[in-house]
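Trainee:
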Amino acid sequence: MNAPALKYLAAYPESLKQQVQQLLDKGRLGEVLLAKYPQAHGVRTDKALYDYVMALKNDFLRSSEPLSKVAFDSKLHVIAHALGTHTAVSRVQGNKLKAKREIRVATLFKEVPPEFLRMITVHELAHIKEKGHDKAFYQLCTHMEPNYHQYEFDLRVYLTHMEAAGKLAWPAA
């Protein structure tokens, strides 16, 4: 088995990695992904992404701290080796401490199925309440998106496909 090609799936059981590798070897991995997720979402601008994220935040984390910025970021995947980030910057203004929270999503998510965008958005929103990737964090993720773990796995399969065969072109919503 070609381990480097499956680096995004390293933590998964060997049986799943073998299935993915077989599809990759047969050149069918992209076809399977396109059949399972036939269309890309319609969120293309930073404004649309902000509105999308805020709607999810208002549904599940209404009382959490506000977000000052939500944007697609073309530098994320390459430099930070991350698909999204959640940051908090605190500054003293007079006698008050002001915190600005931002969510940045890799531009790769501009042209993927809505399930993948939802997964990364839920992941970054969960960091508002839970800093680490612990049990409470993943419970919050699955509360916001019950299929979170399946979407995360399928996104990792897509990243594997991208590395091996290139980007898939999903039809726009």
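The numbers in UniProt numbering rise by one with no breaks, and the one at position 92 of the sequence shown is 92.
Ideal Cβ positions, reconstructed from N, Cα and C, are used throughout, including at glycine.
Model, not experiment: these values are computed from the prediction.
(1) What's the C-alpha gap between Q150 and M119?
(2) Looking at the unbroken beta strand (DSSP E) that takes in K135, where does it start and where does it end?
(3) Sorted by chain position, which residues of the same chain lie with C-beta nearer than 8 Å to S68's C-beta, five sequence neighbours on each side aside?
(4) Tell me which residues share the same chain as L24 and place their Cβ nearer than 6 Å to its Cβ, disregarding the 5 neighbours each side in the sequence.
(5) Exposed or buried, which one is T45 when buried takes at least 16 other CB atoms within 10 Å?
(6) In the DSSP output, what is D73 paired with across the bridge?
(7) Could you give the distance in angstroms between the alpha-carbon of R62 and the alpha-carbon of A126?
(8) Is the CB-CB distance between K17 and L6 below 7 Å?
(9) Have a look at V122 and E31 and give me their C-alpha separation to the nearest angstrom.
(10) Thinking just about the alpha-carbon of each residue, which of K96, P114, L56 is nearest to the one in Y37?
(11) Can you tell me the Cβ-Cβ gap for Q39 and A173, rounded? I've got them flagged as a contact below 8 Å.
(12) Between P171 and D154, what straight-line distance do the alpha-carbon atoms span, to the nearest angstrom?
Mentor: Checking against the coordinates, here is how it stands:
(1) 9 Å
(2) Not the beta strand (DSSP E): K135 falls in the alpha helix (DSSP H), residues 135-144.
(3) K100, R101, E102
(4) A164
(5) exposed
(6) A106
(7) 12 Å
(8) yes
(9) 26 Å
(10) P114
(11) 5 Å
(12) 18 Å
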